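Enquirer:
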Amino acid sequence: MSGGTLADIANALADDFGCRETIVEDVDDDIVGAIRGAVALRAVADDVLARLTAQAERVGVAKRIGMSLRELLCVNGVAPAVASRLIRLGRAAQVLSRLARHGRDGSLSAEHLDAVARGVEHVAHRTGEPVDSPAIDQLEGSLIGRAVAGMAPAEIVEHARAVAIERTAQQDDPGNDEAPDRLPSAEDSTMNELGWNQTGDGRLRGMFDLDALTGERLITALDTASRPRPEPDGSDDLRPIGRRRADAFAQLLECGVRGLAPDALSAPPRTEVIVTVPLGAEGAGGDAARLQWMGPITDRTARLAACDAGVTSVGLDINGVPLDMSVTKRLFTGAVRKAVHVRDQCCVKCGGPASWTDVHHIKRHADGGATTLDNGCLLCRTCHTAVHHAGWDIVMGSDRHPWLIPPANVDPRRRALPAYNRRTMRLDDSVAA
2 MSGGTLADIA NALADDFGCR ETIVEDVDDD IVGAIRGAVA LRAVADDVLA
52 RLTAQAERVG VAKRIGMSLR ELLCVNGVAP AVASRLIRLG RAAQVLSRLA
102 RHGRDGSLSA EHLDAVARGV EHVAHRTGEP VDSPAIDQLE GSLIGRAVAG
152 MAPAEIVEHA RAVAIERTAQ QDDPGNDEAP DRLPSAEDST MNELGWNQTG
202 DGRLRGMFDL DALTGERLIT ALDTASRPRP EPDGSDDLRP IGRRRADAFA
252 QLLECGVRGL APDALSAPPR TEVIVTVPLG AEGAGGDAAR LQWMGPITDR
302 TARLAACDAG VTSVGLDING VPLDMSVTKR LFTGAVRKAV HVRDQCCVKC
352 GGPASWTDVH HIKRHADGGA TTLDNGCLLC RTCHTAVHHA GWDIVMGSDR
402 HPWLIPPANV DPRRRALPAY NRRTMRLDDS VAA
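Sequence positions in the sequence shown follow our numbering and run 2 to 434.
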């Protein structure tokens, strides 16, 4: 196929669909089918671009015209970030056969394939394994399987980081586990940078590059203060997320300056960072210590964070549910809230971050509902309103996880849905008790 033929195909598609008011008829099945077809078409087009990029690099097209390969793609209408991804995919497809096969048949998006390629590259670099080794081949299959199952690209890369941490720990000499060359760049605080400059209109623009633990402290400090606040009339917060984070950062600066003042009456600033450390865990890839926002970390960083930490032990049953800790208070506080946080991880209805949520009584406290693990779940304020006013019900299943029952206008059969953090990669039938 010549380049002119590809241009002809693109022009034919533009002529066919560009003049239509609507792509297909206003029929649900037709719209969904068209979306699937367009997604598959995009995946194939991205693969063709990645392979053309690899071909251009192989024959030296960019060098002959005095450009870098990235500049060549950008000149021809590709965004810089997409150009970098196409270069990575083109190179990865030459050494990762499964990734190349899924790219050619259009079964996975370029974003998912790029996440697999970056994950494999990270593990190979950290462990020193050659790309053609059985271990890397097994990892490639595992990451592609997660992509096919619907895992987000960021989660695929995070899983690869956890695999790299575990395999590096297995390779380390037990007597030399503090070797500095084993510290990943994500946790190397000596690489931290922060800079700023004043723009022409008098504003301050900055950038930072932080290690995982410092980044976790920053996100944790800003997250709660950047949650949406209702307007005085009760309407939704109109501020975009960037504005809310900037407002939260201003509050953080004010508190920090006051705390550092010589005559301050407050204690030294402290940001609570949650580090989850599995005990006696076995398996591959998912058992590293983890931060709430920044993902898996090495044991060395976890021990560093534990120097001035309070420790809360949470025992789990066979279903992964924290053991109940009975408290006779009306509000969910302390250990019970932490247990609910470990179990639900986010708003059980919409998936909003746990720091934006409150623990909701499944059976209201006024009706005799206890403040215990089996009577609580995480809900953000928006979903809390929907549960009370839109007909949603929440029940506790036999697996001791919360299940949501939608109203009849959403699902006439009112089939139970698992909590948000349990809705992906489920191989079993979703049946609530």
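C-beta: ideal position from N, C-alpha, C; glycine also. No experiment lies behind these values; they were computed from the predicted model shown.
Rounded to whole angstroms, what's the CA-CA distance from residue 395 to residue 323? Just pull it up for me.
Expert: Your numbering for residue 395 matches position 394 in the sequence shown. Your numbering for residue 323 matches position 322 in the sequence shown. The alpha-carbon atoms of residue 395 and residue 323 are separated by roughly 19 Å.
Enquirer: Measuring alpha carbon to alpha carbon, tell me which residue in 359, 30, 6, 424 is nearest residue 377.
Expert: Within the sequence shown, the letter at position 376 stands for residue 377. For the residues 359, 30, 6, 424, the minimum Cα distance to residue 377 belongs to 359.
Enquirer: To the nearest angstrom, how far is the alpha carbon of residue 180 from that of residue 220?
Expert: Working through the sequence shown from its first residue, we reach residue 180 at position 179. Working through the sequence shown from its first residue, we reach residue 220 at position 219. Its pLDDT being 47, under 50, residue 180 is placed unreliably in this model, and the value from its coordinates should be taken loosely. Going by the C-alpha atoms only, they are around 28 Å apart.
Enquirer: In chain order, what residues of the same chain have a beta carbon less than 7 Å from the beta carbon of residue 88, not counting five sequence neighbours either side?
Expert: If you number the sequence shown from 1, residue 88 lands on position 87. Answer for residue 88: 54, 70, 71, listed in chain order.
Enquirer: How many Å lie between residue 29 and residue 245 at the Cα?
Expert: The residue you call residue 29 lines up with position 28 of the sequence shown. The residue you call residue 245 lines up with position 244 of the sequence shown. Answer to the nearest angstrom: the Cα atoms are 37 Å apart.
Enquirer: Would you kindly work out how many angstroms separate the C-alpha atoms of residue 295 and residue 161, rounded to a whole number?
Expert: The residue labelled residue 295 in the question sits at position 294 within the sequence shown. The residue labelled residue 161 in the question sits at position 160 within the sequence shown. Their backbone Cα atoms lie some 13 Å apart in a straight line.
Enquirer: Bridge partners of residue 206, per DSSP?
Expert: Along the sequence shown, one-based indexing puts residue 206 at 205. The partner list for residue 206 (beta bridge, DSSP) reads 198.
Enquirer: Whole-angstrom Cβ separation of residue 194 and residue 210, contact assumed at under 8 Å?
Expert: One-based indexing of the sequence shown puts residue 194 at position 193. One-based indexing of the sequence shown puts residue 210 at position 209. About 5 Å separates the two Cβ atoms, so the contact holds.
Enquirer: Taking only runs that begin and end inside the stretch 361-415, name each unbroken alpha helix (DSSP H) of 4 or more residues, in chain order.
Expert: Runs of the alpha helix (DSSP H) inside the stretch 361-415: 382-390.
Enquirer: When we look at the beta-carbon of residue 307 and count the other beta-carbons within 10 Å, is it buried (16 or more) or exposed?
Expert: In the sequence shown, residue 307 corresponds to position 306, counting from 1. The residue is exposed, with fewer than 16 neighbouring Cβ atoms inside 10 Å.
Enquirer: Which whole runs of the alpha helix (DSSP H) in the stretch 111-171 are 4 residues long or more, in chain order?
Expert: If we require 4 residues or more, the alpha helix (DSSP H) runs fully inside the stretch 111-171 come out as 111-128, 135-149.
Enquirer: Is it right to say residue 131 is buried, meaning 16 or more other beta carbons lie within 10 angstroms of its own, or is it exposed?
Expert: In the sequence shown, residue 131 corresponds to position 130, counting from 1. The residue in question, residue 131, is exposed, as its Cβ has fewer than 16 Cβ neighbours within 10 Å.
Enquirer: Assuming residue 1 contacts residue 124 (C-beta within less than 8 Å), just tell me the rounded distance between them.
Expert: Here the chain comprises residues numbered 2 to 434, so residue 1 is not present and cannot be evaluated.
Enquirer: Comparing alpha-carbon positions, which option in 321, 393, 385, 357 lies nearest residue 402?
Expert: By 1-based counting over the sequence shown, the position of residue 402 is 401. It is 321.
Enquirer: Check this for me: beta carbons of residue 111 and residue 47, under 7 Å apart or not?
Expert: In the sequence shown, counting from the first residue as 1, residue 111 sits at position 110. In the sequence shown, counting from the first residue as 1, residue 47 sits at position 46. Yes, the pair counts as a contact, with Cβ atoms nearer than the cut-off.
Enquirer: Alpha carbon to alpha carbon, how far is residue 39 from residue 23? Give it in angstroms, no decimals.
Expert: Within the sequence shown, numbered from 1, the residue matching residue 23 stands at position 22. Within the sequence shown, numbered from 1, the residue matching residue 39 stands at position 38. When rounded, the distance between both Cα atoms is 14 Å.
Enquirer: In chain order, what residues of the same chain have a beta carbon less than 8 Å from the beta carbon of residue 347, not counting five sequence neighbours either side?
Expert: Along the sequence shown, read from residue 1 onward, the residue named residue 347 stands at position 346. 353, 354, 355, 358, 379, 421, 422.
Enquirer: Sort 409, 406, 319 by Cα distance to residue 400 and report the nearest one.
Expert: Sequence index remark: in the sequence shown, residue 400 carries index 399 (1-based). Answer by Cα proximity: 319.
Enquirer: Just the C-alpha distance for residue 291 and residue 416, rounded to the nearest angstrom, thanks.
Expert: By 1-based counting over the sequence shown, the position of residue 291 is 290. By 1-based counting over the sequence shown, the position of residue 416 is 415. Straight-line Cα distance between these residues: approximately 34 Å.
Enquirer: Are residue 217 and residue 274 closer than 7 Å when you measure CB to CB?
Expert: Translated into positions along the sequence shown, residue 217 becomes position 216. Translated into positions along the sequence shown, residue 274 becomes position 273. Yes.
Enquirer: Return the chain-ordered list of same chain residues with a C-beta closer than 6 Å to the C-beta of residue 154, the five sequence neighbours on each side being excluded.
Expert: Here residue 154 refers to the residue found at position 153 when the sequence shown is read from its first residue. Result list for residue 154: 112, 113, 116, in chain order.
Enquirer: Return the chain-ordered ranges of every alpha helix (DSSP H) run that is complete within the stretch 58-111 and spans a minimum of 4 residues.
Expert: Correct list: 62-65, 70-76, 81-93, 98-105.
Enquirer: How long is the line joining the alpha carbons of residue 98 and residue 6, rounded to whole angstroms?
Expert: For this step, residue 98 is matched to residue 97 along the sequence shown. For this step, residue 6 is matched to residue 5 along the sequence shown. Their Cα atoms are separated by approximately 27 Å.
Enquirer: Measure from the alpha carbon of residue 169 to the alpha carbon of each residue in 223, 149, 63, 299, then state which is nearest.
Expert: For the purposes of this step, residue 169 is taken as residue 168 along the sequence shown, with counting starting at 1. Residue 299 is the option with its Cα nearest to residue 169.
Enquirer: Run through DSSP, which three-state label would residue 189 get?
Expert: Counted from its first residue, the sequence shown places residue 189 at position 188. Residue 189: coil per DSSP, three-state reduction.
Enquirer: Does DSSP classify residue 436 as helix, strand or coil?
Expert: There is no way to answer for residue 436, as the model of the chain reaches only from 2 to 434.
Enquirer: Are residue 11 and residue 107 touching if we call contact CB-CB under 7 Å?
Expert: Translated into positions along the sequence shown, residue 11 becomes position 10. Translated into positions along the sequence shown, residue 107 becomes position 106. No, the pair does not count as a contact, with Cβ atoms beyond the cut-off.
Enquirer: When you compare only the Cα positions, how much space is there between residue 253 and residue 109?
Expert: Translated into positions along the sequence shown, residue 253 becomes position 252. Translated into positions along the sequence shown, residue 109 becomes position 108. Cα-Cα distance, rounded: 42 Å.
Enquirer: Applying the 10 Å Cβ sphere with the 16-neighbour rule, what's the burial state of residue 16?
Expert: Within the sequence shown, the letter at position 15 stands for residue 16. So residue 16 counts as exposed.
Enquirer: Whose C-beta lies closer than 6 Å to the C-beta of residue 384 among residues of the same chain, with five residues either side of it excluded?
Expert: One-based indexing of the sequence shown puts residue 384 at position 383. Cβ neighbours of residue 384 beyond the five flanking positions: 348, 350, 351.
Enquirer: Cα separation between residue 335 and residue 409?
Expert: Sequence index remark: in the sequence shown, residue 335 carries index 334 (1-based). Sequence index remark: in the sequence shown, residue 409 carries index 408 (1-based). The straight-line gap from Cα to Cα measures roughly 36 Å.
Enquirer: By the three-class DSSP mapping on this structure, what secondary structure does residue 53 have?
Expert: For the purposes of this step, residue 53 is taken as the residue at position 52 of the sequence shown. Correct three-state label for residue 53: helix.
Enquirer: Given this structure, state the Cα-to-Cα distance separating residue 103 from residue 197, to the nearest angstrom.
Expert: If you number the sequence shown from 1, residue 103 lands on position 102. If you number the sequence shown from 1, residue 197 lands on position 196. Taking the straight line from one Cα to the other gives about 43 Å.
Enquirer: Taking the continuous beta strand (DSSP E) assigned at residue 289, which residues delimit it?
Expert: Numbered from its first residue, the sequence shown carries residue 289 at position 288. Looking at the DSSP string, residue 289 is not in any beta strand (DSSP E), and its letter there is neither H nor E.
Enquirer: Excluding the 5 residues flanking residue 248 on each side, which residues of the same chain have their C-beta closer than 8 Å to its C-beta?
Expert: Counted from its first residue, the sequence shown places residue 248 at position 247. Closer than 8 Å at the Cβ level, and outside the excluded window around residue 248, lie 226, 227, 240.
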